[in-house]
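Asker: Numbering-wise, the sequence shown is residues 20 to 327 according to the numbering used here. The beta-carbon is built from N, C-alpha and C at its ideal position, and this holds for glycine as well. Since we're looking at a predicted model, the values are computed, not measured.
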Amino acid sequence: MTTALPQRTHTYRFHHFDSTRWDSIKIRDDDILVCTSMKSGTTWMQRIVALLIFQEHPPAQSFHDISAWVDMRIVPLEKVAADLEAQTHRRFMKTHTALDGLTYHPQMKYIVVGRDVRDVFMSLWNHTSNYTQPFIDALNNTPGRVGEPFPPLYPDLHALWHDWINKGNFPWESDGYPFWSHLHFIQSWWDYRHLPNIYLVHFNDLSRDLEGEMRKVAAFLDISVPEALWPSLVEQASFETMKANAEELLPGINQIFAGGAKSFIHKGTNGRWREVLSEAELKECDAAIARTLTPDCARWLEQGGPLP
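Dropping the structure here:
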């Protein structure tokens with residue numbers, strides 16, 4: 020943990036996103052940013068935040084449409100910036116960029132969601148296996164791509180694991196290829212967890228006590244919820260309800276993922292890696308964690324629970 024404020028020391032530019040796009044967004048005092056590396060509950064937290072903001076008055080657009088992934092290269096930056104500027108409700112955006120790639124705004128509220136690296140990988144395998152060819156083409160052919168193209172889909176889970184856990188996409192990362200580092204991402208936020216506008220939530224805790232965690236998020240965001248509304252909001256935020264209403268919640272996602280929204284919102288369960296990853300592969304995971312995470316961060320990322 021450091022007493023200094025976060026500084027932007029890296030630029031993340033490659034096939035998926037460009038962290039410099041944030042320079043074109045005018046930050047408001049009440050903005051909310053949902054921050055995850057990948058497959059850690061991003062959409063889940065966006066849904067929770069949307070429910071807390073709008074409560075019994077949902078907007079005409081889905082939360083997925085109005086909660087912009089600013090860094091993503093495919094949507095023209097001018098449109099993203101204009102759409103965000105036109106929003107009159109409290110804005111909530113998302114990022115997959117590590118804190119060292121962002122300009123820190125003391126007035127913004129950051130919600131960071133963590134998840135065990137092995138569970139992330141199992142979800143990632145489902146995620147990337149369902150990429151459509153038009154989406155891969157968009158990643159590679161949208162003007163402005165820096166670096167090598169996104170590679171062809173991996174033939175099997177173990178081939179992806181080998182690269183993902185042992186190779187980085189940037190010189191300061193040692194895992195995450197062909198995406199970005201899950202471990203570096205969480206450590207970058209962990210180091211500043213003491214700041215009053217950075218709040219860390221764990222996927223396990225959301226799974227164990229959704230209502231309790233939603234109440235904590237509401238308190239962090241200074242949002243008041245009438246007591247009578249809580250049962251409905253919690254039910255709407257449950258993984259089961261989100262999957263049942265996936266097409267409504269994530270319109271247009273079938274252009275990116277084969278199988279559409281229900282493929283994107285897959286299982287939401289932990290521990291599936293125990294039946295898949297070998298002892299040697301798990302040792303590779305331990306080595307990657309030791310390279311990047313402090314011991315306290317590693318414990319929290321695996322288990323969740325109260326922050327030290």
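Alpha carbon to alpha carbon, what distance is there between Trp183 and Tyr196?
Answerer: On the sequence shown, position 177 is the one that residue 196 refers to. On the sequence shown, position 164 is the one that residue 183 refers to. Roughly 5 Å between the two C-alpha positions.
Asker: Quick one: residues in its chain with C-beta nearer than 6 Å to the C-beta of Ala69, no 5 flanking neighbours on either side, listed in chain order?
Answerer: Residue 69 sits at position 50 when you count from the first residue of the sequence shown. So the list reads Phe82, once near-sequence residues are dropped.
Asker: Quick check: what's the CA-CA separation for Ile319 versus Val136?
Answerer: Within the sequence shown, numbered from 1, the residue matching residue 319 stands at position 300. Within the sequence shown, numbered from 1, the residue matching residue 136 stands at position 117. The amino acid occupying residue 319 in the given sequence is Trp; Ile does not appear at that position. C-alpha separation (whole angstroms): 11 Å.
Asker: Leaving out five residues on either side along the sequence, give the residues of the same chain with a beta carbon under 7 Å from the beta carbon of Gln255.
Answerer: One-based indexing of the sequence shown puts residue 255 at position 236. The residues are Leu70.
Asker: I think Ser59 touches Gly133, with their Cβ atoms under 8 Å apart; what is that distance to the nearest whole Å?
Answerer: Residue mapping note: residue 59 aligns to position 40 of the sequence shown, counting from 1. Residue mapping note: residue 133 aligns to position 114 of the sequence shown, counting from 1. 6 Å between Cβ atoms; contact.
Asker: Quick check: the Cα distance between Leu9 and Arg110, rounded to an integer number of angstroms?
Answerer: Residue coverage of the chain in this structure runs from 20 to 327, which leaves residue 9 outside it and unanswerable.
Asker: Determine the closest residue to Asp50 out of Tyr173, Gln206, Lys113, with distance taken between C-alpha atoms.
Answerer: Locating residue 50 in the sequence shown gives position 31, counting from the first residue. Looking at the Cα atoms, Lys113 is the closest of the given residues.
Asker: Whole angstroms is fine: what's the gap from Pro245's alpha carbon to Lys235's?
Answerer: As a first step, residue 245 must be located in the sequence shown, where it is residue number 226. As a first step, residue 235 must be located in the sequence shown, where it is residue number 216. Looking at the two C-alpha atoms, the distance is approximately 15 Å.
Asker: For Asp37, which of helix, strand or coil comes out of DSSP?
Answerer: Here residue 37 refers to the residue found at position 18 when the sequence shown is read from its first residue. Asp37 falls in the strand class under three-state DSSP.
Asker: Looking at Trp41: is its Cβ nearer than 8 Å to the Cβ of Leu143?
Answerer: Your numbering for residue 41 matches position 22 in the sequence shown. Your numbering for residue 143 matches position 124 in the sequence shown. In this structure, Leu143 does not lie closer than 8 Å to Trp41 by Cβ.
Asker: Taking the continuous alpha helix (DSSP H) assigned at Val236, which residues delimit it?
Answerer: For this step, residue 236 is matched to residue 217 along the sequence shown. Per DSSP, Val236 belongs to the alpha helix (DSSP H) from 229-239.
Asker: Among Tyr123, Gln74, Lys186, whose alpha-carbon lies nearest the alpha-carbon of Ser251?
Answerer: The sequence position of residue 251 within the sequence shown is 232, counting from 1. Of the candidates Tyr123, Gln74, Lys186, the one whose C-alpha sits nearest the C-alpha of Ser251 is Gln74.
Asker: Does Gly120 come out as helix, strand or coil in the three-state DSSP assignment?
Answerer: Sequence index remark: in the sequence shown, residue 120 carries index 101 (1-based). Here Gly120 sits in helix by DSSP.
Asker: Flag this pair as yes or no: are the beta carbons of Ser193 and Leu172 separated by less than 8 Å?
Answerer: Within the sequence shown, residue 193 is the residue found at index 174, counting from 1. Within the sequence shown, residue 172 is the residue found at index 153, counting from 1. Cβ distance not < 8 Å, so Ser193 and Leu172 don't count as in contact.
Asker: Which first and last residues belong to the alpha helix (DSSP H) in which Leu202 is found?
Answerer: Counting from 1 along the sequence shown, the entry for residue 202 is found at position 183. Segment 201-209, the alpha helix (DSSP H) holding Leu202.
Asker: Would you mind giving the Cβ-Cβ distance between Thr17 and Leu202, rounded to the nearest angstrom? I have them listed as a contact below 8 Å.
Answerer: What is shown of the chain runs 20 to 327, which leaves residue 17 out entirely.
Asker: Count the other CB atoms within 10 Å of the CB of Thr62; is the residue buried (16 or more) or exposed (fewer)?
Answerer: Indexing the sequence shown from 1 puts residue 62 at position 43. Per the 10 Å Cβ criterion, buried.
Asker: According to DSSP, which residues form a beta bridge with Ala53?
Answerer: What you label residue 53 is simply residue 34 of the sequence shown in a count that begins at 1. With the sequence shown as reference, residue 53 is identified as Val, and Ala is not the correct amino acid for it. Paired residue(s): Lys113, Ile130.
Asker: Arg344 and Gly187: beta carbons closer than 8 Å?
Answerer: What the structure shows of the chain is the stretch from 20 to 327, and residue 344 is not part of that stretch, so it cannot be assessed.
Asker: Within 10 Å of its beta-carbon, does Thr55 have 16 or more other beta-carbons around it, so buried, or fewer, so exposed?
Answerer: Along the sequence shown, one-based indexing puts residue 55 at 36. Burial call: buried.
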